[in-house]
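Undergrad:
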Amino acid sequence: MLTVFPKVFKTTFNFGNVKALALNYHGAISIKKINIHSSKVAGQSEVTAISQANLDLAKEQFQESLK
Numbered sequence: 009m010l011t012v013f014p015k016v017f018k019t020t021f022n023f024g025n026v027k028a029l030a031l032n033y034h035g036a037i038s039i040k041k042i043n044i045h046s047s048k049v050a051g052q053s054e055v056t057a058i059s060q061a062n063l064d065l066a067k068e069q070f071q072e073s074l075k
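Add 8 to the 1-based position in the sequence shown for this note's numbering, that's all there is to it.
1) Would you list the one or two residues that DSSP bridges to A57?
2) Just how far apart, CA to CA, sit K48 and L29?
3) Distance check for N43 and F21, CA to CA, integer angstroms please.
4) Quick check: the Cα distance between S59 and E72, rounded to an integer number of angstroms?
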């Protein structure tokens with residue numbers, strides 16, 4: 009799962025989250041699709057950014073799915 013992100017991707021997804029996912033794998037089946045939208049950075053055509061609000065929302069949705 010962690011290999012889907014490029015090495016430059018920074019996240020707060022820690023070992024405890026990975027462990028919870030592994031231990032509760034059957035619960036993970038119910039995880040719905042979580043969309044994270046990015047936008048182009050002005051003046052840098054090949055650079056996109058994800059807002060902190062979007063990341064926070066995705067994190068909340070993912071954590072709810074693990075309960």
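Note that CB positions come from ideal geometry on N, CA and C, so glycine has one too.
TA: Concretely, from the data shown:
1) S47
2) 32 Å
3) 16 Å
4) 20 Å
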